[in-house]
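J.: Residues in the sequence shown are numbered consecutively from 1, following this note's numbering.
Ideal placement from N, C-alpha and C gives every residue a C-beta, glycine not left out.
Since this is a predicted model, take the numbers as computed values, not measurements.
I have a structure here, written as structure tokens, and I will follow up with some questions on it.
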Amino acid sequence: MEGYKKVLLEEVEEFRKAGHKFLKGEINKGDFKKISGGMGSYAQRDGKTFMIRLRTPSGLLSLPHLTFILSYARKYKLERIHLTTRQAIQLHDLEIDDVCDIMKDAIAHDLFTRGGGGNYPRNVALSPMAGVERGEAFDVTPYALLVGDYFLKNATGYHLPRKVKVAFSSGQKDTAGAGINDLGFMADLEKGIPVFRMWIAGGMGQGAALGIPYEKAIDPRDVLYYVEALIRLFVNEGDYENRSKARIRFIPKRMGDKEFLQCYEKYVEEVKDSCKLEEIAPVLADNVKWEEEKHSHILFPQRQKGTYTLLLHPLCGQLGVDEASKIYDFLKEENKEEIRLGLSEDMYIRNLSLERAKELWEIMKDKMMDTKIGQSVSCIGTPTCQIGVQQSQQLCKNIIHQIEEGKKEEGRLPSLSISGCPNSCARHQVSSLGFAGKMKKVEGTMMNVFDMYAGGKVQGSKSKMGQCYGTLPADKIPEFIQRLLEELEKEEMSFETFLEEKEEKFLNLTKEYRV
1 MEGYKKVLLE EVEEFRKAGH KFLKGEINKG DFKKISGGMG SYAQRDGKTF
51 MIRLRTPSGL LSLPHLTFIL SYARKYKLER IHLTTRQAIQ LHDLEIDDVC
101 DIMKDAIAHD LFTRGGGGNY PRNVALSPMA GVERGEAFDV TPYALLVGDY
151 FLKNATGYHL PRKVKVAFSS GQKDTAGAGI NDLGFMADLE KGIPVFRMWI
201 AGGMGQGAAL GIPYEKAIDP RDVLYYVEAL IRLFVNEGDY ENRSKARIRF
251 IPKRMGDKEF LQCYEKYVEE VKDSCKLEEI APVLADNVKW EEEKHSHILF
301 PQRQKGTYTL LLHPLCGQLG VDEASKIYDF LKEENKEEIR LGLSEDMYIR
351 NLSLERAKEL WEIMKDKMMD TKIGQSVSCI GTPTCQIGVQ QSQQLCKNII
401 HQIEEGKKEE GRLPSLSISG CPNSCARHQV SSLGFAGKMK KVEGTMMNVF
451 DMYAGGKVQG SKSKMGQCYG TLPADKIPEF IQRLLEELEK EEMSFETFLE
501 EKEEKFLNLT KEYRV
């Protein structure tokens, strides 16, 4: 590992030089992005400041790492840190030298940015309740960490057509999105034996696709063989010429699903014959039955008797430095309590007693969202993101302000997924109700608008894409959501039920706003 760190440190200094060339205009945005992405950093829209993405491994945020992140947030006078939809942490509005200094110090603390962007495997997604979730077959955490470590150690040698996303879900709820990733694993039991169900070649954005179910149950000890097989297939069959069709999901579209799976099988056999990779034997979960005293959509009883997980969701995933400090101060004396980052810009504080959970909520409640609509997901969007089109975070805030001003919404509205462009960073394509920003010419004038998607869901083989219900002006969406809520209250239905049973009413409402 020390040799690997040395290589990374050398890369940081080369990146620093490239950053200064970019600032001097000697490297254009496109060429700099090719360099910076693999380092886990991007230039922001102003072309002067930068962001850095710290790869908290599969969302496991240790207190030493939280302390490290907070120290830099304070040093550079940042007011907040951004919790991402891939269980990482981003710091924004930094100078290039600040970014490089953080990278180097992070390496010394075993916290890495390498492969955080660009054509590299991303942070391995993991169910945030893995290891404590009621009914899970076994804890998938060790497998997510194993794959993440494998990717990290190989990152400097990868030459892939595009990024790769892998996910591990604890069970049928598919809380890590196994059914919509390039490679997804879901824990299950087959005749009492731990296995993984698997999906291949899913993904959001352009050419979005649900993962193809893999018929065979996977021995958990063989996980790395299946991961390496997909990497080899991607290297040999991926499109290096056309970036818009370079993701893994385009390979089966070209080959056909059956032929793609047959091709993949050959790579699996090749890897098994030629490699000896690390294996981890699964340990069956001990699901103890106990009667919880409390349960809500922010407080979850664990499978371990008497313990709970508290969900903390800051508005738009922007966690204030002061609030993060309060979390650290609360947890620092307790060895068993821990933080897992979720995939919806949130935090799961685990292994709490009911009393401790109540105490922490009292400390945090004024800055955390406790309704579904309040827990909506928004990418960073403009004016920060270099490729963003619309102000996704501002729209999210405007909607929540419109809905929650003066009264508490009772949970009929779902959490929204708002992407500032078609790239689906907020996963709008598979959300109950989602929006994707763009510009549209209306009566000769360019207008800020969002395409609206509804009816999507993520649940393994039951996952489905949402349908696009038209384009709405950005400034009218909060009013539209308010009107939608009034309809839901009138019908006494959740949005999901309303869409299924009263779709015509939903369509009629959208017609009043579409452009």
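Per DSSP, what kind of secondary structure is Q394 in: helix, strand or coil?
T.: In the sequence shown, the residue the question calls residue 394 occupies position 394. In this structure, Q394 counts as helix in the three-state DSSP scheme.
J.: With a Cβ-Cβ cutoff of 8 Å, do H428 and G420 count as a contact?
T.: Here residue 428 refers to the residue found at position 428 of the sequence shown. Here residue 420 refers to the residue found at position 420 of the sequence shown. Contact flag unset, no.
J.: What distance in whole Å lies between the Cβ atoms of Q393 and G374, which are believed to be in contact at a cut-off of 8 Å?
T.: Along the sequence shown, read from residue 1 onward, the residue named residue 374 stands at position 374. Along the sequence shown, read from residue 1 onward, the residue named residue 393 stands at position 393. Incorrect: roughly 14 Å between the Cβ atoms, too far for contact.
J.: Have a look at G19, G148 and Y513 and flag the residue whose alpha-carbon is nearest the alpha-carbon of E95.
T.: Reading the sequence shown from its first residue, position 95 is the one you call residue 95. When only C-alpha atoms are compared, the closest one is G19.
J.: Could you tell me whether the segment 65 to 78 touches the segment 120 to 136, using the rule of 3 or more Cβ pairs below 8 Å?
T.: No: the two stretches stay apart, fewer than three of their Cβ pairs being nearer than 8 Å.
J.: Alpha carbon to alpha carbon, what distance is there between D451 and L484?
T.: Counted from its first residue, the sequence shown places residue 484 at position 484. Counted from its first residue, the sequence shown places residue 451 at position 451. C-alpha separation (whole angstroms): 16 Å.
J.: Tell me the rounded alpha-carbon separation between L60 and T445.
T.: Here residue 60 is taken as the residue at index 60 of the sequence shown, counted from 1. Here residue 445 is taken as the residue at index 445 of the sequence shown, counted from 1. Rounded to whole angstroms, L60 to T445 spans 47 Å at the Cα level.
J.: What are the boundary residues of the beta strand (DSSP E) that includes N508?
T.: Counting from one through the sequence shown, the residue named residue 508 turns up at place 508. Here N508 belongs to no beta strand (DSSP E); instead the alpha helix (DSSP H) covers E503 to K511.
J.: Is the Cβ-Cβ distance between G317 and E345 less than 8 Å?
T.: Here residue 317 is taken as the residue at index 317 of the sequence shown, counted from 1. Here residue 345 is taken as the residue at index 345 of the sequence shown, counted from 1. For G317 and E345, yes; Cβs fall inside 8 Å.
J.: Could you tell me the alpha carbon to alpha carbon distance between P194 and K476, rounded to whole angstroms?
T.: To locate residue 194, count along the sequence shown from 1; it is residue 194. To locate residue 476, count along the sequence shown from 1; it is residue 476. Whole-angstrom Cα-Cα distance: 50 Å.
J.: Can you give the Cα-Cα distance for Y240 and R247, rounded to whole angstroms?
T.: Reading the sequence shown from its first residue, position 240 is the one you call residue 240. Reading the sequence shown from its first residue, position 247 is the one you call residue 247. Distance between the alpha carbons of Y240 and R247: 10 Å.
J.: Flag this pair as yes or no: are the beta carbons of G437 and V377 separated by less than 8 Å?
T.: In the sequence shown, residue 437 corresponds to position 437, counting from 1. In the sequence shown, residue 377 corresponds to position 377, counting from 1. No.
J.: Looking at the unbroken beta strand (DSSP E) that takes in D219, where does it start and where does it end?
T.: Locating residue 219 in the sequence shown gives position 219, counting from the first residue. Looking at the DSSP string, D219 is not in any beta strand (DSSP E), and its letter there is neither H nor E.
J.: State whether the segment 281 to 299 contacts the segment 111 to 119, with contact taken as three or more CB pairs (one from each stretch) at a distance under 8 Å.
T.: These segments do not touch.
J.: Between A474 and I399, what straight-line distance do the alpha-carbon atoms span, to the nearest angstrom?
T.: Along the sequence shown, one-based indexing puts residue 474 at 474. Along the sequence shown, one-based indexing puts residue 399 at 399. So the alpha carbons of these two residues sit roughly 10 Å apart.
J.: DSSP three-state call for E279: helix, strand or coil?
T.: As a position in the sequence shown, residue 279 is number 279, starting the count at 1. Coil, per DSSP.
J.: Of the residues E2, A144 and I27, which one's Cα is nearest the Cα of T56?
T.: Residue mapping note: residue 56 aligns to position 56 of the sequence shown, counting from 1. The candidate whose alpha carbon is nearest that of T56 is A144.
J.: Short check: CB of A137 to CB of A178, under 8 Å?
T.: Taking the first residue of the sequence shown as 1, we reach residue 137 at position 137. Taking the first residue of the sequence shown as 1, we reach residue 178 at position 178. It is not a contact, given that the beta carbons lie outside the stated cut-off.
J.: F234 by DSSP, collapsed to three states: which one?
T.: Indexing the sequence shown from 1 puts residue 234 at position 234. Residue state, collapsed to three classes: helix.
J.: Say whether chain C places a C-beta atom closer than 8 Å to the C-beta of G342.
T.: Absent from the structure is chain C; it holds one protein chain and no more.
J.: Would you identify the three-state DSSP class for Q262, choosing helix, strand or coil?
T.: Looking up residue 262 in the sequence shown gives position 262. Correct three-state label for Q262: helix.
J.: Going by alpha carbons, who is nearest to L341 out of L311, D329 and S325?
T.: Residue mapping note: residue 341 aligns to position 341 of the sequence shown, counting from 1. Residue L311 is the option with its Cα nearest to L341.
J.: Which term fits L360, buried or exposed, when burial requires 16 or more other beta carbons within 10 angstroms of its beta carbon?
T.: Sequence index remark: in the sequence shown, residue 360 carries index 360 (1-based). Burial call: buried.
J.: To the nearest angstrom, how far is it from the Cα of D366 to the Cα of I481?
T.: In the sequence shown, the residue the question calls residue 366 occupies position 366. In the sequence shown, the residue the question calls residue 481 occupies position 481. Rounded to the nearest angstrom, the two C-alpha atoms are 24 Å apart.
J.: Using the Cβ count rule (16 or more neighbours within 10 Å means buried), how would you classify K266?
T.: In the sequence shown, counting from the first residue as 1, residue 266 sits at position 266. Classification for K266: exposed.
J.: Could you give the distance in angstroms between the alpha-carbon of D182 and the alpha-carbon of K502?
T.: Your numbering for residue 182 matches position 182 in the sequence shown. Your numbering for residue 502 matches position 502 in the sequence shown. Between D182 and K502, the C-alpha separation is close to 34 Å.
J.: Just to confirm before moving on: does the CB-CB distance between A201 and I212 stay below 8 Å?
T.: Taking the first residue of the sequence shown as position 1, residue 201 is located at position 201. Taking the first residue of the sequence shown as position 1, residue 212 is located at position 212. Their beta carbons are under 8 Å apart, which means A201 touches I212 by this criterion.
J.: Which class does S353 belong to by DSSP, given the choice of helix, strand or coil?
T.: For the purposes of this step, residue 353 is taken as residue 353 along the sequence shown, with counting starting at 1. Reduced to three states, the DSSP call for S353 is coil.
J.: Can the beta-carbon of V99 be found less than 8 Å from the beta-carbon of F50?
T.: Translated into positions along the sequence shown, residue 99 becomes position 99. Translated into positions along the sequence shown, residue 50 becomes position 50. Yes, the Cβ-Cβ distance between V99 and F50 is below 8 Å.
J.: How is I212 classed by DSSP in three states: helix, strand or coil?
T.: Position 212 of the sequence shown holds residue 212. Of the three classes helix, strand and coil, the one that applies to I212 here is strand, per DSSP.
J.: Can you look up K163 in the DSSP assignment and give me helix, strand or coil?
T.: Against the sequence shown, residue 163 aligns to sequence position 163. Three-state result, K163: coil.
J.: With DSSP as the reference, label N154 as helix, strand or coil.
T.: The residue given as residue 154 occupies position 154 in the sequence shown. Looking at N154 - three-state DSSP - the assignment turns out to be helix.
J.: Taking S36 as the reference, which of G25, I52 and K48 has the closest Cα?
T.: On the sequence shown, residue 36 is found 36 positions in, with the first residue counted as 1. Residue I52 is the option with its Cα nearest to S36.
J.: Please work out which residues of its chain come closer than 7 Å, Cβ to Cβ, to E278, disregarding the five sequence neighbours upstream and downstream, and give them in chain order.
T.: Mapped onto the sequence shown, residue 278 falls at position 278. Cβ within range, chain order: L146 and L224.
J.: What would DSSP say about G388, mapped onto helix, strand or coil?
T.: Along the sequence shown, one-based indexing puts residue 388 at 388. The answer is coil: DSSP assigns G388 none of H, G, I, E or B.
J.: Quick one: what's E338 bridged to in DSSP?
T.: For this step, residue 338 is matched to residue 338 along the sequence shown. In DSSP, E338 forms a bridge with R350.
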